[in-house]
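Presented below is the structure to which this report refers.
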Amino acid sequence: MDIKKYMQEVGLQSKESSFEIAKASSSKKNLFLNDLANRISRNEEEIIKVNHLDLDEAKRNNLDEAFVDRLTLNKKSIASMATGLLQIASLNDLIGEISNVKQMPSGIQVGKMRVPLGVIGMIYESRPNVTIDAAGLAIKSGNSIILRGGSESLASNNYLARLIEESLIVAGLPKHSVQIIKTKDRDAVTELIQMNSYVDVIIPRGGKSLVKKITEEARIPVIKHLDGNCHIYVDKYADMGTALSVVDNSKTQRLGTCNTLESLVISSSIAKDFLPKIREIFDGKNIEIRGCANTIKIVPGITKALESDFYEEYLGPTISSVIVENTEEAIAHINKYSSGHTESIITNNHSNAMQFLREIDSSSVMINASTRFADGFEYGLGAEIGISTDKFHARGPVGLEGLTSMKYIVLGTGQIRG
Numbered sequence: 001m002d003i004k005k006y007m008q009e010v011g012l013q014s015k016e017s018s019f020e021i022a023k024a025s026s027s028k029k030n031l032f033l034n035d036l037a038n039r040i041s042r043n044e045e046e047i048i049k050v051n052h053l054d055l056d057e058a059k060r061n062n063l064d065e066a067f068v069d070r071l072t073l074n075k076k077s078i079a080s081m082a083t084g085l086l087q088i089a090s091l092n093d094l095i096g097e098i099s100n101v102k103q104m105p106s107g108i109q110v111g112k113m114r115v116p117l118g119v120i121g122m123i124y125e126s127r128p129n130v131t132i133d134a135a136g137l138a139i140k141s142g143n144s145i146i147l148r149g150g151s152e153s154l155a156s157n158n159y160l161a162r163l164i165e166e167s168l169i170v171a172g173l174p175k176h177s178v179q180i181i182k183t184k185d186r187d188a189v190t191e192l193i194q195m196n197s198y199v200d201v202i203i204p205r206g207g208k209s210l211v212k213k214i215t216e217e218a219r220i221p222v223i224k225h226l227d228g229n230c231h232i233y234v235d236k237y238a239d240m241g242t243a244l245s246v247v248d249n250s251k252t253q254r255l256g257t258c259n260t261l262e263s264l265v266i267s268s269s270i271a272k273d274f275l276p277k278i279r280e281i282f283d284g285k286n287i288e289i290r291g292c293a294n295t296i297k298i299v300p301g302i303t304k305a306l307e308s309d310f311y312e313e314y315l316g317p318t319i320s321s322v323i324v325e326n327t328e329e330a331i332a333h334i335n336k337y338s339s340g341h342t343e344s345i346i347t348n349n350h351s352n353a354m355q356f357l358r359e360i361d362s363s364s365v366m367i368n369a370s371t372r373f374a375d376g377f378e379y380g381l382g383a384e385i386g387i388s389t390d391k392f393h394a395r396g397p398v399g400l401e402g403l404t405s406m407k408y409i410v411l412g413t414g415q416i417r418g
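See the structure below:
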């Protein structure tokens, strides 16, 4: 296969489709979303069967448990995909929305109109459910999208792409509005991130090395979905039951997600009571604690943390732990080591909670809640195309609004500039 020629064809088809999808009616876009949700539900058994081809290959290649978990589609995740599409369909269509109209001294009216970004290129690893979320959000926000999933999920993605194309045709939308790159050749990624004549934005969603490579080599603006080194600070004023429950859920509900807790920061005033209890919970679930010297004094026998541990997104059964003196020290530690994804404080002290909200420099900051809530579906966005750790153009879970921009509109009655 001539990869350059193939990608140029994909880019051209996507660009041409973007003009049609940008002006598509809300009813057509919602018909696509509803039809795809129903189609996914009807084909549940076949989706699972095809996904097992990818899972079998992953196991033959000895990929780790967390990776296999992200790759897996089951009845629950398939139902969630369908529900996400229905929720996107229920959201207001933002395209064409006019706001901030002001009358100027010259007599003209100046405002802003929300418009699609155009063509989105998305590169992601292992998660076939992202294929559906991304397609749904792209179409509802009036964009076309080129999807390059991980080679490990190619069978699942190709089957889902077929369902997507069928629903696009039913809705009367261009079938090239959503395209899956159907090759494992890595040169396709290089071509995609440099096709600035066709692609308007790149969204990489995967490991640090993938995002770094794309950011360095792309000739197109990038919205980064970087790693999730998420923290919880257990304040001296924390309720013990709440702290144990939230920390346990944040770390152990699912090990391989970007909103999983990776680093525990504990007030010295509560550490002697809290640490033995959370260690007992973690021991029962085979979670390894890597702690600072003061942590080891309270719970001897754990592994001593290296400084590199505090930067690490483990995506597995390991967590780092550090003891601090106060909220200021906790905030300083988190802002130094965090990836800017999600941080939470467990406290009943309003002043400490508000300080944490103001001063933590991450895309989601929480009070007395599990980091696992950092999710587009949980935030009422319908789904997410990723969780941006950037500060520009979008930050946090990227839903419909994050896939649009604003253009200025001017309304006149024949005014000329003197």
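Quick note: the sequence shown, position 132, residue 132 per the working numbering, numbers continuous.
Ideal placement from N, C-alpha and C gives every residue a C-beta, glycine not left out.
These figures come from a predicted structure and were not determined experimentally.
Check each candidate in V201, L255 and G399 and name the one with the smallest Cα separation from V222. V201
Just verifying my parser: in three-state terms, what is the DSSP assignment at Y314? coil
Burial state of S18, where buried means 16 or more other Cβ atoms lie within 10 Å: buried
Other residues of its chain near M104: CB distance less than 8 Å, five sequence neighbours each side excluded: V110
Curious, which full-length beta strand (DSSP E) runs of at least 3 residues does the stretch 274-341 contain? 288-291 and 318-324
If you measure between the beta carbons of L86 and N157, is that distance less than 8 Å? no
Rounded straight-line distance, which links the Cα of D133 to that of V119: 16 Å
Please determine, among Y379, S351 and K272, the residue with the shortest C-alpha to C-alpha distance to S364. Y379
K182 (DSSP reduced to helix, strand or coil): coil
Using a 10 Å radius around the Cβ and a threshold of 16 neighbouring Cβ atoms, would you call R372 buried or exposed? buried
With H, G and I counted as helix, E and B as strand and the rest as coil, what does DSSP make of Q103? strand
Can at least three beta-carbon pairs, one atom from the stretch 261-279 and one from the stretch 231-248, be found at a separation below 8 Å? yes
Using a Cβ-Cβ cutoff of less than 7 Å, which residues in the same chain neighbour A271 once the five nearest sequence positions on both sides are dropped? I298 and I323
Check I223 in the structure and name its three-state DSSP category. coil
Any 3 or more C-beta pairs closer than 8 Å across the stretch 166-178 and the stretch 34-50: yes
In angstroms with no decimal places, state the Cα-to-Cα distance between T72 and A374. 21 Å
Can you give me the C-alpha to C-alpha distance between G136 and I88, rounded to a whole angstrom? 7 Å
Do the stretch 92-104 and the stretch 40-59 meet, that is, are 3 or more Cβ pairs less than 8 Å apart? no
Can you list, in chain order, the residues of its chain with a C-beta nearer than 8 Å to that of I319? Leave out the 5 residues immediately preceding and following it. K251, L261, E262, S263, L264, F282, I287, E288, I289 and R290
Going by DSSP, what residue range makes up the alpha helix (DSSP H) through M81? K75 to S90
V246 to I367 span [Cα, whole Å]: 11 Å
What do you reckon, are the CB atoms on R219 and I181 nearer than 8 Å? no
Buried or exposed: which applies to Q179, given that a residue is buried once 16 or more other Cβ atoms fall within 10 Å of its Cβ? buried
Bounding residues of the alpha helix (DSSP H) (the contiguous stretch that carries H350): H350 to E359
Looking at the structure shown, is R395 part of a helix, part of a strand, or coil, going by DSSP? coil
If you compare alpha carbons, which of F32, N349, K4 and K112 is closest to L411? K112
Since Q194 sits in a beta bridge, which residues does DSSP pair it with? DSSP lists no partner for Q194.
Reduced DSSP secondary structure (H/G/I, E/B, other) of M240: helix
Between which two residues does the alpha helix (DSSP H) carrying M7 extend? I3 to A22
Can you tell me whether E191 is buried or exposed? The criterion is at least 16 other CB atoms within 10 Å of its CB, across all chains shown. buried
Alpha carbon of I334 to alpha carbon of S308, nearest angstrom: 14 Å
Residues of its chain near R205, where Cβ-Cβ distance is below 6 Å and the 5 sequence neighbours each way are ignored: Y124, H225 and G386
Close beta carbons around F436, own chain, < 6 Å, minus the five adjacent residues each side: This structure cannot speak to residue 436, because the chain is shown only from 1 to 418.
Three-way DSSP call (helix, strand, coil) for K71 in this model: The sequence given here has Leu at residue 71, not Lys. L71: helix per DSSP, three-state reduction.
In three-state terms, what does DSSP make of T131? helix
Compute the distance between the beta-carbons of R60 and M406, then report whether it is under 8 Å. no
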